[in-house]
Structures are given as C-alpha cells and as structure tokens.
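Here it is in structure tokens:
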C-alpha cells in the first residue's frame with residue numbers, strides 16, 4: 001500500500017507559529033476550536049506540548065486558510081508580517097488589501113515562496129470580492145505556477161480547484177472541466193488527504209453532471225461518498241448534496257432523498273449556516289414532491305421546518321421557492337398553501 005507523504009512541522013516552532021497566525025486573525029482559541037479539535041487540545045498544540053497530527057494540521061490549514069508550510073516558518077520576515085496584517089482584516093472591507101499585497105509581490109525574490117503563495121491566494125479572493133474577473137484569473141494561474149515551483153501538490157490542487165470554480169462561474173465549463181480533472185488526477189496520483197481529494201471531486205462531479213456526463217459523474221460521486229466519514233461537517237454536507245444531485249439525474253430519487261436526509265442530519269440550524277440549512281430542506285421537499293408515489297408527509301414536515309428560516313432570512317428568492325413548494329404541496333394534498341395551516 002502506498003504511503004502518503006505528509007508535511008508535519010515540529011514543535012515548539014509549530015505552536016508558536018500557530019499562535020501567531022491565530023492572533024493575527026484576531027481569533028480566540030475557542031473560535032479556532034470546533035468539531036475537529038477541542039480547545040484543550042488546541043492549547044496543548046500552541047504551548048508545544050503536543051506534536052501536530054496529520055488530521056490536526058489539515059483542520060488548522062482549512063480553518064485558517066493557510067498552507068501547511070507556513071507553520072514551519074519561525075521568525076517571519078517583513079513580507080510575512082505585512083501578510084499577517086492583511087489576514088487580520090477583511091478582504092471585503094479593507095481598501096488597502098490589494099495595494100499592500102501587490103507591493104509585496106513586486107519583490108518575489110524577497111518572499112518565501114509559501115508566503116508568496118498565500119499572498120496570491122488572498123489577492124485572488126480580493127479580486128473576486130471586487131468583481132475583477134480578469135485579474136482574478138491571472139492571479140489563480142499564478143498560484144498554480146507558484147505551487148509547482150514550491151513542489152507542493154496540495155497547493156497546486158487548491159489553486160486548480162479554485163480556478164475550476166472561477167471558470168464554471170464564468171460559463172467556461174469545458175476549461176473548468178480540464179482544471180478540475182487535472183486537480184483530481186493529482187490527488188489520485190499523489191494519494192493526497194481526503195480534504196483535498198473531496199474539494200477536487202466536488203467541483204468535478206458538478207461539472208460532469210452539468211455536461212451530461214452522468215456515468216462519469218456517478219463514478220466520481222461514489223468516490224466522493226467514500227470520503228465522507230473523513231471530512232469536516234460542512235464538506236460532508238456538500239459531498240452528500242452533490243452526490244444526491246447525480247442520483248436525481250439518474251432518476252434514483254429515493255437514494256437522492258436518503259443522501260439529502262443524511263446531509264440534514266449533519267447540519268443543525270445552530271451550526272452557523274442557516275442558509276445552507278434552509279436550502280437543504282427546500283431541496284428535499286422538492287424531491288419528496290417529485291417521487292412516485294409522492295411523499296406528501298415528508299414534504300410537509302420539511303417545509304414546516306423551513307418556514308421560520310424563510311421568514312428570518314427575509315430573502316425574496318427563498319420566499320418565492322418556499323411558497324411555490326407550499327402551493328405544489330397544497331395542490332396534491334388539498335387545503336391551505338401553508339404547511340401546518
């Protein structure tokens with residue numbers, strides 16, 4: 001069996017760097033902790049009393065949005081310190097983000113490649129927030145090049161996945177498929193962690209399904225489902241939902257419902273993403289109404305749950321979808337268009 005090559009930084013440098021990055025983000029330990037890491041364990045990591053595991057490192061990289069190599073940099077240079085200033089702010093609100101990053105990137109020889117990669121990642125996010133698509137694409141392609149220069153396949157995969165999402169949003173699905181396919185091939189070839197493999201598969205399955213390549217999408221969705229148990233909660237939900245959309249295309253609606261119900265069990269309304277919580281319930285309600293025979297009770301139950309969230313969010317899009325589903329339910333059931341009325 002092939003061994004996965006992992007980068008695991010050593011203590012005590014890892015703990016000191018972790019604390020520095022967390023504090024630069026303005027985060028308390030309790031905010032960084034979560035389902036994958038207890039506050040007590042995080043405290044021991046920061047104090048240098050526990051070496052990081054592969055799972056802990058993957059969790060922290062995902063939560064903080066940094067490559068693993070950043071944790072190996074003790075005594076960061078001036079460019080890294082300026083990057084910390086950027087990371088501690090909001091890309092959406094800080095008008096100085098782009099000029100500050102560009103100033104750093106004008107002197108690539110003075111920057112550690114891993115820090116340069118992170119600067120480009122934040123710059124791409126800034127361009128995305130500003131709606132500057134041309135600059136975003138150029139920056140994402142630069143990210144791929146820097147990742148290759150560093151020789152870290154995880155950085156290359158993350159950049160290619162983000163490029164695939166960008167191209168998909170622009171309607172350039174053929175190019176997006178190429179980018180996602182390459183990212184997935186790298187994860188398979190290098191036996192990469194489930195987190196990276198899942199991210200590549202999520203966008204690849206979506207693109208294959210949209211392109212009508214259902215057999216390939218189904219095979220890759222099965223591959224994605226095999227990783228679910230090893231993923232953070234949010235990615236588990238996305239993986240289950242993505243697989244359910246493929247089952248719908250295959251007219252396997254009962255399986256699609258089961259996957260969506262499993263996704264809903266992974267996400268509570270208090271988990272911090274009420275929009276996702278609501279969208280899942282609207283999606284499964286629609287499925288219940290499309291089944292043969294229709295499961296009117298299942299649709300009514302989930303729509304009743306969705307009602308308060310629709311009112312709380314106040315989104316006209318979700319209100320229209322909710323009332324359309326309620327009307328469809330009422331048509332087949334007879335009675336008021338609002339569940340529970």
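In full-length UniProt numbering, the protein residues as written are 1 to 341. Where is the CB? At the ideal position from N, CA and C, for every residue including glycine.
Query                                                                                                                                                        : Result
Are three or more beta carbon pairs between the segment 160 to 177 and the segment 129 to 142 nearer than 8 Å?                                               : yes
Going by the CB atoms, is the gap between residue 228 and residue 260 shorter than 9 Å?                                                                      : no
Just the C-alpha distance for residue 142 and residue 130, rounded to the nearest angstrom, thanks.                                                          : 19 Å
So residue 159 and residue 198 are in contact, right, with Cβ under 8 Å, and what is the actual spacing, rounded?                                            : Rounded, the Cβ-Cβ distance is 16 Å, inconsistent with contact.
Using a threshold of 9 Å, state whether the C-beta atoms of residue 299 and residue 329 are closer than that.                                                : yes
Looking at the strands, I want to know which residues DSSP matches up with residue 37.                                                                       : 34
So, helix, strand or coil for residue 191, using DSSP?                                                                                                       : coil
Taking the C-alpha atoms as reference points, what is the distance between residue 342 and residue 35?                                                       : A question about residue 342 goes unanswered here, because the residues of the chain that appear run from 1 up to 341.
From residue 57 to residue 16, what does the alpha carbon distance come to, in whole angstroms?                                                              : 14 Å
Taking the alpha carbon of residue 230 as the reference point, which residue from 54, 43 and 20 has its own alpha carbon closest?                            : 54
If residue 208 sits next to residue 217, beta carbons under 8 Å apart, how far is it from one beta carbon to the other, in whole angstroms?                  : 4 Å
Residues in the same chain with beta-carbon distance under 6 Å from residue 342, minus the five sequence neighbours each way, listed in chain order, please. : Because the chain in this structure spans residues 1 to 341, residue 342 falls outside the shown range and cannot be described.
Thinking just about the alpha-carbon of each residue, which of 234, 273, 235 and 295 is nearest to the one in residue 258?                                   : 295
From this set, 287, 264, 42 and 206, which residue's C-alpha is nearest residue 252's C-alpha?                                                               : 287
With DSSP collapsed to three states, give me the class of residue 63.                                                                                        : helix
Which residue wins for smallest C-alpha separation from residue 191, given the options 210, 265, 179 and 152?                                                : 152
Near residue 247, what residues of its chain come up, given a Cβ to Cβ distance below 6 Å and the 5 sequence neighbours on each side ignored?                : 255 and 256
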